[in-house]
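Peer 1: For reference, the structure I am asking about is given below.
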Amino acid sequence: MNMAAELTAHHQLTQVKKLLERGILTPREAITVCQRLDAPDAPLAALQRACFVDYLEGLSDVWIQPETLSD
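Have a look at this one:
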């Protein structure tokens, strides 16, 4: 396990989470970004990413775009 790779991957995942929370990314876009994050030397980060992608897939099923919200 490479600690530098783990920290880098964790930081990247944290940035994706922040963009999702701010509404800059939709769950589908966040999934795409997470799938592109490759950290072969970071197995713990890979597990965290896989769990987050599972969460995003569930979230994307119920996601309502701000443009489609009715008053």
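In terms of UniProt numbering, the sequence shown is numbered consecutively and its last residue is 71.
Glycine residues also receive a C-beta, built at the ideal position from the N, C-alpha and C atoms.
Quick caveat: nothing in here was measured; it's all calculated off a predicted structure.
(1) As a quick exercise: from Met1, Gln48, Thr32, pick the residue whose alpha carbon is nearest that of Ser60.
(2) Verify the CB distance criterion: does Gly58 have a CB-CB separation below 7 Å to chain B?
(3) Assign Leu56 to buried or exposed, taking buried as 16 or more other Cβ atoms, counted over all protein chains shown, within 10 Å of its Cβ.
(4) Below 7 Å between beta carbons: does that hold for Ala4 and Ala39?
(5) When you compare each of Leu47, Pro43, Asp54, Pro27 to Asn2 by their alpha carbons, which one comes out closest?
(6) From His11 to Gly58, what does the alpha carbon distance come to, in whole angstroms?
(7) Whose CA, out of Glu6, Val16, Gly23, lies closest to the CA of residue 73?
Peer 2: If we stick to the structure as given:
(1) Of Met1, Gln48, Thr32, the residue nearest in Cα terms is Thr32.
(2) No chain B is present in this structure, which holds just one protein chain.
(3) Buried: at least 16 other Cβ atoms inside 10 Å.
(4) No, Cβ-Cβ distance for Ala4 and Ala39 is not below 7 Å.
(5) Relative to the Cα of Asn2, the nearest Cα in the group Leu47, Pro43, Asp54, Pro27 belongs to Pro43.
(6) Looking at the backbone, the Cα of His11 and that of Gly58 are separated by about 23 Å.
(7) Since the first residue shown for the chain is 1 and the last is 71, residue 73 is missing from the structure and cannot be characterised.
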